[in-house]
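Reviewing the structure listed below.
Residue numbers (our numbering): 102 to 498.
See below:
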């Protein structure tokens, strides 16, 4: 009952509810764009390799530019970045839908990555002032669940539209959703009045913060391991002549991550962010152990369900911990550069995982995932002295 009451308090907050509703269309669009590109290029070129290349270019370019877009928010606020990127992204999506030819399609896929509006990066720093401190963990949990819901629904909608006989319709729908979400978010009174934190003169920078450098190193490792897992699922599904299992696996994992994030958000403030992150990380690592020993079927689905549930809870504590250790004035840049790191090395993991799956076995990719998650946990455990002193949360004894 206490958990339900905590969420009800957030949902009754007009500002919090407006932020979530305004951002969701854009989050749904983010969940669609990868498959939109894949289906559009495949329909135009009849090449799976080119379709995968175009989607990969979009992902890599988007990851590499995330940090710069986040830094723009910390310097200029939300108004200018959103008003530039939202129309630009919608126009690029519409242009891609009208393009033909492999070269042009891949070029525009890269342009999409550069122009992606920083919707999630805009919402994250606003939660700190949108809700009281004792409601922050619950707010982050709801926000994380909203992001993961877009991951679940977006691919399903993109696939439905792409297979409807009009492959470009997914891109048009995505353009409309991103435009609606971006304009709605930038039009909120709270968004207009929100100002980024002022950097303290002589204050510590992100890269000079030991805890942030530790998370960057962890992001390199965990990003690569996550990339190998993401390619191992469709690879092992195809090898066992169960291609539809991949969709079920990713959908189940994402759905359980929503539940996990909501459970984490209901946990009391007596659990400090750094301690909670460390404990949940260990269980997250344990859930990867069965991956290398099971094949598509109920056993792998159970393992992925646990992986998704614990991973959703881990996201909440990860983001709360980041707020604890980052320097003042870097609300968007901190998560932006971490997403850049994880996304870039995730793409490298996917590329490597494809080669390993084809020439050896997807089980080797799963083993790499387990090893990297284990190394990531050991790294966090060994470097907790750089995190614990910054655990300044208001927690009860």
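Each residue gets a CB set at the ideal place from its N, CA and C atoms; glycine is no exception.
The beta carbon of residue 333 sits closer than 7 Å to the beta carbons of 454, 458, 463, 466 and 467 from its chain, once the five residues preceding and following it are set aside; these are given in chain order. Around the beta carbon of residue 234, fewer than 16 other beta carbons lie within 10 angstroms, which makes this residue exposed. By the criterion of a C-beta distance shorter than 7 Å, residue 426 is surrounded in its chain by 310, 312, 313, 488 and 491, once the five residues flanking it on both sides are discounted.
Of the candidates 327, 158, 226 and 360, 158 places its Cα closest to the Cα of residue 215. In the structure shown, residue 176 falls within a helical segment according to DSSP collapsed to helix, strand and coil.
Burial check for residue 144: the Cβ neighbour count within 10 Å stays below 16, so the residue is exposed. For residue 415, the enclosing alpha helix (DSSP H) has its first and last residue at 399-426. For residue 361, the closest alpha carbon among the candidates 415, 401, 391 and 347 is that of 415.
DSSP places residue 324 inside the alpha helix (DSSP H), whose first and last residues are 311-340. By the criterion of a C-beta distance shorter than 8 Å, residue 320 is surrounded in its chain by 439, 442, 443 and 446, once the five residues flanking it on both sides are discounted. In the DSSP assignment, residue 252 falls within the unbroken alpha helix (DSSP H) covering 237-263. Three or more Cβ pairs drawn from the segment 344-357 and the segment 401-413 lie within less than 8 Å of each other, which places the two stretches in contact.
Of 147, 246 and 381, the smallest CA-CA separation from residue 206 is found for 147. By the CB criterion at 8 Å, residue 127 and residue 283 fall inside the cutoff.
For residue 483, the enclosing alpha helix (DSSP H) stretches over residues 463-483.
Taking a contact to require three or more Cβ pairs closer than 8 Å, the segment 216-229 and the segment 176-190 qualify as touching. About 37 Å separates the beta carbons of residue 477 and residue 281, which is beyond the 8 Å limit, so they are not a contact pair.
Counting along the chain, residue 223 sits inside the alpha helix (DSSP H) bounded by residues 220-231. Less than 8 Å separates the beta-carbon of residue 450 from that of residue 326. For residue 277, the enclosing alpha helix (DSSP H) covers residues 270-288. For residue 384, the CB contacts under 8 Å within the same chain, skipping 5 residues up- and downstream, are 411 in chain order.
Secondary structure of residue 161 (DSSP, three-state): helix.
Judged by DSSP secondary structure, residue 395 falls outside any alpha helix (DSSP H); it is assigned neither H nor E.
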